[in-house]
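Inspection log for the structure reproduced underneath, given as structure tokens.
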Amino acid sequence: MKRIMIEPVSRIEGHARITIQLDDAGKVTDTKFQVTQVRGFEKFTEGRPFYEMPGITSRICGICPISHQLAASKACDAIMAVRIPPAAQLLREIIHCAQVVQSHALSFFYLSAPDLLLGMDHDPATRNVAGLIEANPELARAGIELRKFGLLVIEGLAEERVHPSWIVPGGVKSPMTVQARDRFLAAIPQAMATAEKTLGIFKGVLDSFTEEIANFGSAPTMYAGLVDSAGNIQFYDGLLRFRAADGSIVQEGIAAEDYAEFIGEATLSDSYLKAPFYRPQGWPEGIYRVGALARINVAEAMGTPRADAELTEFRQRFGRMAHSSFLYHYARLIEVMYGLEAMQLLLQQADVLDTHVRAEAGVNALEGVGMIEAPRGTLIHHYKVDENGAITWANLIVATGHNNRAIGDGVRQVAEHFIRGDKLEEGMLNRVSALVRAYDPCLSCSTHAIGVPALDISLVDAKGALLDRLRSDA
Amino acid sequence: MAAKTLTIDGKQISAEEGATVLQAATEAGIPIPTLCHLEGVYDMGACRLCIVEITGIPKLLPACTTKVAEGMEIKTNSERLRKYRRMILELLFAERNHVCAVCVSNGHCELQTLAYSQGMEHVRYDYTFPKWNLDTTHRLFGMDHNRCVLCNRCVRVCWHIEGAGTKNVSGRGAKSRIITDLNMPWGDADSCTECGKCVMSCPTGALFNKGSTVGEMERDRDKLEFIVNAREKKQWIAD
Ligand code: SF4
Ligand code: SF4
Ligand code: FES
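Structure (structure tokens):
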């Protein structure tokens, strides 16, 4: 028995290891996606006051700090049993849109675009952001612009350097100024034009990826995501809906506090990440995917005109239910457009400048759940506290967790299609890494957005002896 | 009262008899780093950050508890002193669990500020990662022993400004711990008047208002000064 290990998956944010198990004939028998996640989170937070959770969780799993602050604060709102002021709700939604835009821009331009636009078999030494800038300066500039726009809003609202945690239990720390609102509104049209241009370029290169679209984790699965009462996509609020691979709705209207009734968590021995599954169907039948592709499959529509036009075109190309993981990239770009449109609408609301942005309360419930759509998928924070507000128990379900099994299955599919024998070929193995990157997994708290990927691939036999090794160092 | 003449960092100054070296230096505009010192309560030399060199005395002495004397020659900022101050700070960090990024005092913390200003770049000692708990039983305030530097400010203000005597120290050495009443949960401490002076006095994130999130504890020490001035000088001002 031989094993091919790819470690770490370069350019994804965090650390993961892929083990491809070969039999003696060199055929793929099994694939595992293993991640090293922050362990002992529950222990770490035990005894901490509940209102510290937004700050703590955004630091220890901090690739998308805003998402954790939002989910944590919603869980805390539930413990305080408050309904946050309307302006606070709008401001939380606005910063969330900004976070989606900047996170998707980061993922697309910095992590995935080098594969997509330079080609999978491009020389690994230049298959990175620097190579992208050289080959397609216009697109690289678009990426930088969109990310900058997202950060403009986030920093403008949260004054990140001054207040590390702007989103707090009960609302947000400070209201938005007229100047800030006008600055954001003025920057949106340009950002939309950039998003549209990027979508255009992406659609232009789609045809050269038919093989990837067919083989990139294209096994149909169930999907989960939040939707509003009209069934349209929702990032901040809304209820959880499960939709089957054939398009039928499995379950909908799941409120945050009822998640455990529908989501079970399997503990995998070889990964610190727990793998959630749809409880009524059991493990592993009940696997489902979350994230951009899942959301647009689950929702009826986006609910904003330009994003809906893009979604219509997407569905014309790939059908009502699109299964290829490769299409996560496409879905993210549609969501960037949606995020910008939604933000524009939110900024135009009458009470968005209201200065009452924080509700105060103590412990009014001993348990609270917060659920949002993070850029990478449904994020759930669940806390229990004692009567003094000290955390006694905490559970987090993160996006990469939901997708864990699907990523593993996808790797297998790619491996079977591309890997033969025990020789390590860069282009082939890079496709396996690219599959994982399609999910944009949030694995730990390190970001390495720019730079040459450090790819370390080992080929190991059953006894652990190294057969072959391929490395592209920074 | 007789005046004493002395030299601090080469500068000739005079100070009142009975004044501390710290007072004399402050008066002369010479900064000495401090941590346990708090205007308005007596000094006890708990932290040793204010150590100075005095010619003729081999030991380093704390400026906050050393009285001025005629002809003293004092150095406040030698390489040796800087080395020891950094060492003291590193030991303070290693002794408890300071995670600034998630701390209520992040950005407004005297310990953190000192670490920056004294050029502490890393901790050379092994962190002890002690197991300390939190006390969130009080209606208004919380205490996180993980961040306590045992400066005793809270104890002193509780006894000598408020006069409640709720806060005390139990244990010895690194195991010392701030307690309330007879080592009972703060929420059960009958003597506590809920005045909040201890919270105002704390230099770190150890004492906090309940509900504070990361970086939200900014302390209003003017209030303490106001009370002390009013009581001792009959002046209703904080300077
Ligand atoms: S008390 Fe000060 S030094 Fe300690 S964790 Fe908090 S900010 Fe950092
Ligand atoms: S609780 Fe604060 S004021 Fe009291 S001894 Fe500890 S650090 Fe000093
Ligand atoms: S300030 Fe002098 S010993 Fe602490």
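Listed in order, the protein sequences are those of chains A and B. Using my numbering, the first residue of the first sequence is number 2, and each one after it goes up by one. Using my numbering, the first residue of the second sequence is number 1144, and each one after it goes up by one. The C-beta atom is built at its ideal place from N, Cα and C for all residues, glycine as well. Bear in mind the structure is a predicted one, so any value in this text is a computation, not a measurement.
>> Please confirm whether K1318(B) has its beta-carbon closer than 9 Å to some beta-carbon of chain A.
In response: Taking the second sequence and counting its residues from 1, one reaches residue 1318(B) at position 175. So, not an interface residue.
>> On the DSSP bridge list, what partners appear for M372(A)?
In response: Along the first sequence, one-based indexing puts residue 372(A) at 371. The partner list for M372(A) (beta bridge, DSSP) reads I381(A).
> So, helix, strand or coil for M223(A), using DSSP?
Replying inline: The sequence position of residue 223(A) within the first sequence is 222, counting from 1. Reduced to three states, the DSSP call for M223(A) is strand.
> So what does R242(A) bridge to, in DSSP terms?
Replying inline: As a first step, residue 242(A) is located in the first sequence; it is residue number 241 there, counting from the start. According to DSSP, which records beta bridges pairwise, R242(A) is partnered with G226(A).
> Closest by CA to V29(A), which one among G409(A), R438(A), V437(A)?
Replying inline: Stepping through the first sequence from its first residue, residue 29(A) is reached at position 28. With distances taken between CA atoms, V29(A) lies nearest to G409(A) out of G409(A), R438(A), V437(A).
> By the 10 Å Cβ neighbour count, where 16 or more other Cβ atoms means buried, how is A276(A) classified, buried or exposed?
Replying inline: As a first step, residue 276(A) is located in the first sequence; it is residue number 275 there, counting from the start. It is buried - the Cβ of A276(A) has at least 16 other Cβ atoms within 10 Å.
> Distance, Cα to Cα, N216(A) vs V299(A)?
Replying inline: For this step, residue 216(A) is matched to residue 215 along the first sequence. For this step, residue 299(A) is matched to residue 298 along the first sequence. Spanning the alpha carbons of N216(A) and V299(A) requires a straight line of approximately 22 Å.
> Just how far apart, CA to CA, sit L456(A) and Q1261(B)?
Replying inline: Start at 1 with the first residue of the first sequence, and residue 456(A) comes out as number 455. Start at 1 with the first residue of the second sequence, and residue 1261(B) comes out as number 118. Summary for L456(A): the model assigns pLDDT 39, below 50, so the residue's position carries little reliability; its value from the coordinates is reported in the next sentence. Between L456(A) and Q1261(B), the C-alpha separation is close to 40 Å.
>> To the nearest angstrom, how far is the alpha carbon of I202(A) from that of A375(A)?
In response: The sequence position of residue 202(A) within the first sequence is 201, counting from 1. The sequence position of residue 375(A) within the first sequence is 374, counting from 1. The straight-line gap from Cα to Cα measures roughly 26 Å.
> Should M1286(B) and A1349(B) be called a contact, given that it needs their Cβ atoms to be closer than 9 Å?
Replying inline: The residue you call residue 1286(B) lines up with position 143 of the second sequence. The residue you call residue 1349(B) lines up with position 206 of the second sequence. The answer is yes: Cβ separation under 9 Å.
>> I'd like to check one pair, H382(A) with A395(A): are the Cβ atoms closer than 9 Å?
In response: By 1-based counting over the first sequence, the position of residue 395(A) is 394. By 1-based counting over the first sequence, the position of residue 382(A) is 381. Taking C-beta atoms as the reference points, A395(A) and H382(A) count as a pair closer than 9 Å.
>> If I follow the unbroken beta strand (DSSP E) through K1274(B), where does it start and stop?
In response: Reading the second sequence from its first residue, position 131 is the one you call residue 1274(B). Counting along the chain, no beta strand (DSSP E) covers K1274(B), and no H or E run does either.
> For chain A, is any of its Cβ atoms less than 9 Å away from the one on V1371(B)?
Replying inline: Within the second sequence, residue 1371(B) is the residue found at index 228, counting from 1. Judged by the 9 Å Cβ criterion, V1371(B) is not in contact with chain A.
>> So, for R296(A): in the same chain, excluding its five sequence neighbours on each side, which residues have a beta-carbon less than 6 Å away from its beta-carbon?
In response: Sequence index remark: in the first sequence, residue 296(A) carries index 295 (1-based). G226, I234.
> Name the chain B residues whose beta carbon is nearer than 8 Å to that of A391(A)?
Replying inline: Translated into positions along the first sequence, residue 391(A) becomes position 390. Those are L1277, T1279, listed as they occur along chain B.
>> For A1168(B) and I1175(B), what's the separation of their Cα atoms in angstroms?
In response: As a first step, residue 1168(B) must be located in the second sequence, where it is residue number 25. As a first step, residue 1175(B) must be located in the second sequence, where it is residue number 32. Just so you know, the alpha carbons of A1168(B) and I1175(B) end up roughly 7 Å apart.
> Where does I21(A) fall in DSSP's three states?
Replying inline: Position 20 of the first sequence, counting from 1, holds the residue named residue 21(A). It is a strand residue.
>> With a threshold of 8 Å on Cβ separation, who are the neighbours of R316(A) within its own chain once the five nearest residues in sequence on each side are excluded?
In response: The count along the first sequence starts at 1 and reaches residue 316(A) at position 315. Cβ neighbours of R316(A) beyond the five flanking positions: A323.
> Under the criterion of a Cβ to heavy atom distance below 8 Å, does G1188(B) qualify as lining ligand 3?
Replying inline: Sequence index remark: in the second sequence, residue 1188(B) carries index 45 (1-based). At least one heavy atom of ligand 3 is nearer than 8 Å to the Cβ of G1188(B), so yes.
> Candidates P176(A), G265(A), S326(A): which alpha carbon is nearest F210(A)'s?
Replying inline: Your numbering for residue 210(A) matches position 209 in the first sequence. Sorting P176(A), G265(A), S326(A) by C-alpha distance to the C-alpha of F210(A) places S326(A) at the top.
> Would a C-beta distance cut-off of 9 Å place V154(A) and A99(A) closer than the cut-off?
Replying inline: For this step, residue 154(A) is matched to residue 153 along the first sequence. For this step, residue 99(A) is matched to residue 98 along the first sequence. For the 9 Å CB-CB criterion, V154(A) and A99(A) form a contact.
>> Looking at the strands, I want to know which residues DSSP matches up with D1287(B).
In response: Locating residue 1287(B) in the second sequence gives position 144, where the first residue counts as 1. For D1287(B), which the question treats as bridged, DSSP gives the partners L1277(B).
>> Let me check understanding here. Comparing Cα to Cα, which of G56(A), A159(A), R307(A) lies closest to R93(A)?
In response: As a first step, residue 93(A) must be located in the first sequence, where it is residue number 92. Checked all of G56(A), A159(A), R307(A); the closest Cα to R93(A) is A159(A).
> What's the call for Q1155(B), buried or exposed, on a 16-neighbour Cβ count within 10 Å?
Replying inline: Taking the second sequence and counting its residues from 1, one reaches residue 1155(B) at position 12. Around the C-beta of Q1155(B), fewer than 16 other C-beta atoms lie within 10 Å, and the residue is accordingly described as exposed.
> For the beta strand (DSSP E) that E253(A) lies in, which residues bound it at each end?
Replying inline: Reading the first sequence from its first residue, position 252 is the one you call residue 253(A). Element bounds for E253(A): 250–255.
> Closer than 8 Å, Cβ to any Cβ of chain B: which residues of the region 345–365 of chain A, in chain order?
Replying inline: Residues passing the 8 Å Cβ filter: E361, G363.
> Quick one: what's got a C-beta closer than 8 Å to I80(A)'s C-beta in the same chain, skipping five residues either side?
Replying inline: Counting from 1 along the first sequence, the entry for residue 80(A) is found at position 79. Excluding positions up to five away in sequence, the list reads F51, P170, V364, N365, A366, L367, E368, G369, Y384, V386, G390.
> Is any heavy atom in ligand 4 found nearer than 8 Å to the beta carbon of S1313(B)?
Replying inline: Among the ligands in the structure shown, ligand 4 does not appear; only ligand 1, ligand 2 and ligand 3 can be found there.
>> Only counting the same chain, and skipping five residues up and downstream in sequence, which positions put a Cβ closer than 7 Å to that of I1370(B)?
In response: Numbered from its first residue, the second sequence carries residue 1370(B) at position 227. Result list for I1370(B): I1304, in chain order.
> Does any residue of chain B bring its CB to less than 9 Å from the CB of I57(A)?
Replying inline: Counted from its first residue, the first sequence places residue 57(A) at position 56. Yes, contact with chain B.
> In chain order, what residues of the same chain have a beta carbon less than 7 Å from the beta carbon of C1341(B), not counting five sequence neighbours either side?
Replying inline: Taking the second sequence and counting its residues from 1, one reaches residue 1341(B) at position 198. The residues C1297, V1300, C1301, K1310, L1350, in chain order, have a CB closer than 7 Å to that of C1341(B) in the same chain once the five nearest residues on each side in sequence are set aside.
>> Can you tell me whether F1385(B) is helix, strand or coil according to DSSP?
In response: The requested residue 1385(B) is not part of the displayed model; chain B covers only 1144 to 1382.
> For G1087(B), which residues in chain A fall below 9 Å Cβ to Cβ?
Replying inline: For residue 1087(B) there is no data in the structure shown, the boundaries of chain B being 1144 and 1382.
>> Relative to the C-alpha of L380(A), which candidate in A187(A), Q350(A), A256(A) has its C-alpha closest?
In response: As a position in the first sequence, residue 380(A) is number 379, starting the count at 1. Ranked by Cα distance from L380(A), the first of A187(A), Q350(A), A256(A) is A256(A).
> In chain order, which continuous runs of the alpha helix (DSSP H) of length 4 or greater are located wholly inside the region 1291–1349 of chain B?
Replying inline: With a minimum length of 4 residues, the continuous alpha helix (DSSP H) runs that stay inside the region 1291–1349 of chain B are 1296–1300, 1340–1344.
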